[in-house]
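A short worksheet on the structure shown next.
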Amino acid sequence: MSYIAILLTFIFINNFILVQFLGLCPFIGVSKNSENAIGMGASVTFVTTVASVVTWAIYYFLLVPFNLQYLQTLTFILVIASLVQLLEMVIQKISPALYKALGIYLPLITTNCAVLGIAIINITNSYNVMEAFTAGLAAGLGFTLAIVLMSNIRERLDLQPVRGPYRGMPIAFISAGLMALAFMAFDKSLITNLHLV
Amino acid sequence: MKANIKELTKGIFKENPVFVIVLGLCPVLGVSTQVSNAIGMSAGVMFVLLFSNIIISALRKVIPGSIHIPAYIVVIASLVTITEMVMHAFVPSVYSALGVYLPLIVVNCIILGRAEAFASKNTVLDSILDAIGMSIGFALGITLIALIRELFGSGTITLFPMGNFSGVINIPWFYDNPIRVLSLAPGALLIMGYLKAFFDWNTSRKKDK
Chain A
586 MSYIAILLTF
596 IFINNFILVQ
606 FLGLCPFIGV
616 SKNSENAIGM
626 GASVTFVTTV
636 ASVVTWAIYY
646 FLLVPFNLQY
656 LQTLTFILVI
666 ASLVQLLEMV
676 IQKISPALYK
686 ALGIYLPLIT
696 TNCAVLGIAI
706 INITNSYNVM
716 EAFTAGLAAG
726 LGFTLAIVLM
736 SNIRERLDLQ
746 PVRGPYRGMP
756 IAFISAGLMA
766 LAFMAFDKSL
776 ITNLHLV
Chain B
8 MKANIKELTK
18 GIFKENPVFV
28 IVLGLCPVLG
38 VSTQVSNAIG
48 MSAGVMFVLL
58 FSNIIISALR
68 KVIPGSIHIP
78 AYIVVIASLV
88 TITEMVMHAF
98 VPSVYSALGV
108 YLPLIVVNCI
118 ILGRAEAFAS
128 KNTVLDSILD
138 AIGMSIGFAL
148 GITLIALIRE
158 LFGSGTITLF
168 PMGNFSGVIN
178 IPWFYDNPIR
188 VLSLAPGALL
198 IMGYLKAFFD
208 WNTSRKKDK
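One line per chain: the protein sequences are A and B, in this order.
Heads up: take any position in the first sequence, counting from 1, add 585, and you land on the numbering used here.
Heads up: take any position in the second sequence, counting from 1, add 7, and you land on the numbering used here.
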């Protein structure tokens, strides 16, 4: 599979939030204003990219040689949890400004399905290391796209008269549903029509 | 005893994990395309939640406070691995239908949430009741969404094949006039939104009385 095809697949066709429903908790929880949404999106993109490469390496250099593939889930979640912790410390040391911007989101990312999801999907699709890197980056970008769009919609919804029980979360879900409807326009034929495979 | 029963029933309605606390939505929306998948996912969550609550509440005085989250994650991940292996061996069709959502039970907020908010502070018995209540609440939520999506989206109800029964029930009128979009991704979000609005309206109506 070409890298452009992987990028298109994970950003649009299989968008993590709107098509696969991975990472919905932050999508609903942190999309109330666009500033936070961009911060969350950037942190998730960063972590999915790094985690994709690290979990790929652990799977093929540690689990496969010792025939321990069944420990995949257990290893990946521990690796991701320690990776997030490590990244937090590194960013705090290297760039306090970036830490100030991303700091509050990083601890939340450990339990974000998107990170463990992309690590497992990379293995299921038997990607090589560059493909895994691209998929991780694209999944993060797709997440950012959806959460930033959503935060803009919600900022406008705050100014609209929404009827009682629909206020807050229900209208957010329904707007996300309509957005998912729009994303259905991207499907697998896009890749074949562009001759990317 | 009365207080104990309350731990059991609160998860089903008052603190329903799907519609009231709104936690662990990834599997709820991801696998609710067929009733059988919803039941399979509920069974997985019930097993993991029950045993993680038992183990964590039994070890609550042993686990040091500073590393409690990693310790909980190890317990939960081991239980999920057991679930994965058992399902792969005995119900391979459900295993492949659940796909990536099965290992993702590890990061399901309900399980870590209950461990952190309940099992780490309460006795084993209370934690068992809490886990049973919460998983029944989760099962009801996910099955309700799956039922609506499958009935209106494809006009069938898929259960498990037994003997001569193929497992698929066709509902006459709905089968000829399906609303396809409900069984696709947008339908899950739309139905979740409308159901959440309905339950919010129901709670606020009760409060007014």
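Note that CB positions come from ideal geometry on N, CA and C, so glycine has one too.
All values reported here derive from a predicted model rather than from experimental measurement.
Got a sec? Which residues, its chain only, sit under 7 Å from residue 175 of chain B by beta carbon, not counting five neighbours each side? 163, 165
Roughly how many angstroms lie between the CA atoms of residue 673 of chain A and residue 691 of chain A, to the nearest whole one? 7 Å
By alpha-carbon positions, which one of A:729, A:749, A:755, A:759 ends up nearest to residue 596 of chain A? A:729
Distance CB(residue 84 of chain B)-CB(residue 659 of chain A) smaller than 8 Å: yes
Is it buried or exposed for residue 556 of chain A, if we count other Cβ within 10 angstroms and need 16 for buried? The question about residue 556 of chain A has no answer, for chain A in this structure spans 586 to 782.
With DSSP as the reference, label residue 756 of chain A as helix, strand or coil. helix
DSSP state of residue 210 of chain B mapped onto helix, strand, coil: helix
Looking at residue 594 of chain A: is its Cβ nearer than 8 Å to the Cβ of residue 726 of chain A? no
Using DSSP bridges, identify the partner residues of residue 175 of chain B. B:165
With distance defined between alpha-carbon atoms, name the residue in B:140, B:69, B:168 nearest to residue 14 of chain B. B:140
Would you list, in chain order, the members of the stretch 84–102 of chain B that have their beta-carbon closer than 8 Å to a beta-carbon of chain A? 84, 85, 87, 88, 91, 92
Just how far apart, CA to CA, sit residue 685 of chain A and residue 78 of chain B? 28 Å
Could you say if the stretch 738–748 of chain A and the stretch 172–190 of chain B meet the contact criterion of at least three C-beta pairs nearer than 8 Å? no
Near residue 113 of chain B, what residues of its chain come up, given a Cβ to Cβ distance below 8 Å and the 5 sequence neighbours on each side ignored? 80, 83, 84, 87
Report back the beta-carbon spacing between residue 612 of chain A and residue 732 of chain A to the nearest angstrom; my notes put them in contact at under 8 Å. 6 Å
Just reading off the alpha helix (DSSP H) that residue 626 of chain A is part of, what are its end residues? 619–643
Three Cβ pairs or more, each shorter than 8 Å: is that satisfied between the stretch 62–77 of chain B and the stretch 125–137 of chain B? yes
Where residue 676 of chain A and residue 212 of chain B are concerned, what is the direct C-alpha to C-alpha distance, given to the nearest angstrom? 48 Å
When you compare only the Cα positions, how much space is there between residue 635 of chain A and residue 721 of chain A? 8 Å
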